[in-house]
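Residue numbers (the UniProt record's numbering), protein chains in the order written: chain A, 1 to 214; chain B, 1 to 433. Ideal Cβ placement from N, Cα and C applies to all residues, glycine included. See below for the structure under consideration.
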């Protein structure tokens, strides 16, 4: 799987390169600024891009802008954004086109290599990987006066994990319940949120996120 | 102030002018008292009485300033130089006396009180006097002129002689009515113009001179500077404490754990592994603390996108339903942005805590060199600047940037807080989005 990596701190960039390489990824390019990120993305058309929000030359949201621009030109290009901070505003911008293949994680999530690599793979496969912090805030700010307010605490919990891009099995493991229970919860959630049930895991998450993002 | 129509202005101006003329009566007494005190200055009594007499005169001048502001729309700032802080004893009194007697505004006030009774007759009061004169003409033509002539009196109404036989001379009666009508018409016609002229005269004498303007400015600047210095010093202390107690302590602990792990690696790999996991968790916590700290100093969105998007991000995370409209063609200077952002953040916190509001509307725009922020909530109102709700603190802090805060919060709501910060905008936004 080919990856384009953008991170301006050399130490972290090297760390990410070796981490991804040991997990069987092929690094197509590792860049340290916004303009070369956009070029690399358009030249290499990687399977997934791992991008830092704040990049030279402006040290503002250069990486995010480059990623959004690349996705405009190459629709559906999978991008995993890493950031020192998670901002709802940025999460909403990333999710705005609703096509999936989006991740937005705090940088410290790379501490847990297995989970991080899992997130990269999910995004590459067109899924989503949202940081739990983003999700809980998205949910919190959307529960006011919306059908989300009708969910039980447990269902909200399931929805959050679902929105992070986890499968039913993973949710069951995390909440220490059976997979059947999770399936029941998800069915309830879909019913309460008026979402048509489909067998497709990916579409399920996108539907939820699209709903959250409304 | 409710905007008056032109018609109302024309109708009211003559009477207001007469009111201004009547103000001269108490003012003259105050002026006489002041000049008598001045004449006693060679003695101790004069020195003692001078400040109170000057203050009395200032009060009188304030009445004029208020009336002129209300009736002509000309706002006149108080021009007085800052008085020295009160000190007990002779030295303090002497200092106060010297400060007041050497303030040019004191003497300009006196000039006003002496000269105004004459000036007002030819400016603000003229329309009113004309109207009165016109009314007197009608009285003459109706019956008063006949009575004067009958009892052997004689008088001139403009160029019409009022004496015996006046009430039987149709020509003289008609001229009287014509002159009276012209007077009334002219009086109402020139009213607002004359008020405006009077306003300019008021500003010239009662307003601040260049020198006192500068002195007031210096005082404002030194006050706001000390507020700014205090605030930033407190902020630095808070940051230092947070770093010292939080992230720094954690890093030390992590270093120690790593040392321990080094030792354990060969002897007890299992224990080393647990310790490593703990250290990793600890590093995540340290990161989390640093992140919160940085957010408190300068939120990343504010740095990345400017105050508009930062306030939008704030709204997204706020427990209340917050609607934000932004109309900024560029970005203000960073310190102004930051001041505005933290002010809005604090106002929102206040609204959530005290107002009982369910919805908040924030409007950010740049108008005539001002960044104007309006925060409106649908709460129960009754907020005051002195209610200990931190609004006074916000006012002081934006005062450093010559910003002003206006609060409108009638009991029962809604509460509207308006901030205005003078600032220039940088080049228009070039964001690719």
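- Per the C-alpha coordinates, the member of B/333, B/413 and B/349 positioned closest to residue 421 of chain B is B/333.
- Inter-residue distance for residue 274 of chain B and residue 249 of chain B is about 20 Å (C-alpha atoms, whole angstroms).
- Note on residue 312 of chain B: 16 or more other CB atoms within 10 angstroms of its CB, so buried under the neighbour-count rule.
- Ranking B/189, B/88, B/121 and B/206 by CA distance to the CA of residue 9 of chain B puts B/189 first.
- Non-local C-beta neighbours of residue 28 of chain A in its own chain, meaning closer than 7 Å and more than five positions away in sequence, comprise 2, 3, 4, 44 and 46, ordered along the chain.
- Pairwise C-beta distances place the stretch 99-110 of chain B out of contact with the stretch 168-177 of chain B, as fewer than three of them are shorter than 8 Å.
- Across the set A/49, A/26, A/159 and A/105, the C-alpha of A/49 shows the shortest separation from the C-alpha of residue 79 of chain A.
- When the five nearest sequence neighbours on each side are left out, the beta carbons in the same chain lying within less than 7 Å of the beta carbon of residue 149 of chain B are those of 162, 163, 164, 165, 166 and 167, in order along the chain.
- Here the C-alpha atom of residue 12 of chain A lies approximately 28 Å from the C-alpha atom of residue 270 of chain B.
- Interface annotation for the stretch 87-119 of chain A against chain B: 87, 88, 89, 108 and 111, criterion Cβ-Cβ distance under 7 Å.
- In the three-state reduction of the DSSP assignment, residue 101 of chain B falls in the helix class, which pools H, G and I.
- Per DSSP, reduced to three states, the secondary structure at residue 377 of chain B is strand.
- Sequence-distant Cβ neighbours of residue 140 of chain B in its own chain, meaning closer than 7 Å and more than five residues away, are 157, 162 and 176.
- Distance from the CA atom of residue 144 of chain B to the CA atom of residue 406 of chain B, rounded to whole angstroms, is 56 Å.
- Between residue 125 of chain B and residue 66 of chain B, the alpha-carbon positions lie close to 17 Å from each other.
- An exposed status is given to residue 408 of chain B, since fewer than 16 other beta-carbon atoms sit within 10 Å of its beta-carbon.
- Secondary-structure assignment with DSSP links residue 40 of chain B through no beta bridge to anything.
- For residue 168 of chain A, the secondary structure class from DSSP, reduced to helix, strand or coil, is helix.
- Chain B places a beta carbon closer than 7 Å to that of residue 60 of chain A, counting this residue as a contact.
- With respect to residue 189 of chain A, residue 163 of chain A sits apart: the two C-beta atoms are not nearer than 7 Å.
- Taking a cut-off of 8 Å for Cβ pairs, the stretch 260-270 of chain B and the stretch 83-95 of chain A do not touch, as fewer than three such pairs fall below it.
- By the neighbour-count definition (other C-beta atoms within 10 Å, threshold 16), residue 112 of chain B is a buried residue.
- In summary, residue 130 of chain A is buried, with 16 or more beta-carbon neighbours lying within 10 Å of its beta-carbon over all protein chains present.
- Going by DSSP, residue 192 of chain B is part of the alpha helix (DSSP H) stretching over 170-206.
- The Cβ of residue 304 of chain B sits closer than 7 Å to at least one Cβ of chain A.
- If you check each beta-carbon in the stretch 161-186 of chain A against every beta-carbon of chain B, none falls closer than 7 Å.
- Taking 7 Å as the CB threshold, residue 301 of chain B lines the interface with chain A.
- At a cut-off of 7 Å between C-beta atoms, residue 280 of chain B counts as an interface residue with respect to chain A.
- Inter-residue distance for residue 178 of chain A and residue 192 of chain A is about 22 Å (C-alpha atoms, whole angstroms).
- Contact annotation, residue 134 of chain B with residue 180 of chain B: C-beta distance approximately 4 Å; criterion of less than 8 Å satisfied.
- Residue 299 of chain B has no beta-bridge partner at all, per DSSP.
- According to the DSSP secondary-structure assignment, residue 327 of chain B is paired through a beta bridge with B/365.
- Between residue 168 of chain A and residue 182 of chain A, the gap from beta carbon to beta carbon is short of 7 Å.
- The beta carbons of residue 355 of chain B and residue 377 of chain B sit closer together than 7 Å.
- Boundaries of the alpha helix (DSSP H) harbouring residue 350 of chain B: 334-350, taken from the DSSP string.
- Residue 146 of chain B is not a Cβ neighbour of residue 13 of chain B, given a cutoff of 7 Å.
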